Amino acid sequence: MTYQESHFFIWIAAAYLLGSVPTGLLLGKLYGIDVRRQGSGNIGATNLYRTVGRKVGVMTLVGDCLKGIAPVLLARQFGLSGEQIAWIGLAAFCGHVFSIFLKFKGGKGVATALGVFLALSPLAVLVALILFVLLMLKWRYVSLGSVCAAAVMPLAVALLSGGRTLTLVTFLIGLIVIVRHLENIRRLLAGTENKFKA
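For the sequence shown, the tail end lands on 197 under numbering that gives the first Met the number 0, and the numbers increase by one without skipping.
Structural data, given as structure tokens:
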């Protein structure tokens, strides 16, 4: 393994470990609550919002988002290539979804993916965010907005940012987000999914 390869591997490992930090679980425990046993059982911002409160839900959203944006911006600052940075973003995302601290379980990845793409392709995020907001205003389902935003992101990135590696990484992240929402999709089809209440 060359020095450059080992250096890149260290970045991947560090991004994964940062992504693995279970922000929602830690914040919930500060309030004496294990969110894995509350509400949907998910450690993400929506479940924290519903079970612990608005403040903690927002804190979880910000914390999970920072896990995605920080390693990407740092890697860019240190002069890594665009392709390397895209893989580092994927590593941070995978850390959240498959956390080593939670026996390779984790959240659904929406907020961490948001952080990754705010750094990698902000214009594509704007497109997905507009879609998310429109769907939320119409039907009030966070899961529906998240799934549709994940589905549109690869196309938005391909058109607005370009690059095969970034498009591939975006496709993989979007696919994982959708797969992590399969139970929500089943509830949406059955009409039993919980609507978001501000």
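Glycine is no exception: its CB is placed at the ideal position from the N, C-alpha and C atoms.
Here the structure is a predicted model, which is why all the values come from computation and not from measurement.
Grouping DSSP H, G and I as helix and E and B as strand, with all else coil, what is Lys107?
Residue state, collapsed to three classes: coil.
For Leu167, would you say it is in contact with chain C, using Cβ-to-Cβ distances shorter than 7 Å as the test?
The structure shown contains no chain C; it holds only a single protein chain.
Cβ of Leu113 within 7 Å of Cβ of Cys147?
Cβ distance not < 7 Å, so Leu113 and Cys147 don't count as in contact.
What is the residue span of the alpha helix (DSSP H) that Tyr48 lies within?
From DSSP, the alpha helix (DSSP H) with Tyr48 extends over Ala44 to Thr50.
What number of angstroms, rounded off, separates the C-alpha of Trp86 from the C-alpha of Val168?
Cα-Cα distance, rounded: 7 Å.
Considering only residues of the same chain and omitting the five flanking positions on each side of Leu26, which have a CB-CB separation below 8 Å?
Counting only Cβ-Cβ distances below 8 Å, and skipping sequence neighbours, we find Leu47, Val51, Val55, Met58, Thr59 and Gly62.
Have a look at Pro70, Ala118, Lys102 and Leu143 and flag the residue whose alpha-carbon is nearest the alpha-carbon of Glu182.
Considering only alpha carbons, the answer is Leu143.
Hey, Val126 and Phe92: beta-carbon distance below 7 Å or not?
No; because the gap between Cβ atoms is not below 7 Å, this pair is not in contact.
What ranges does the alpha helix (DSSP H) occupy inside the region 137-171, keeping only unbroken runs of at least 4 residues that lie completely in it?
Runs of the alpha helix (DSSP H) inside the region 137-171: 141-159.
Which class does Ser98 belong to by DSSP, given the choice of helix, strand or coil?
In the structure shown, Ser98 sits in a strand (DSSP, three-state: E or B).
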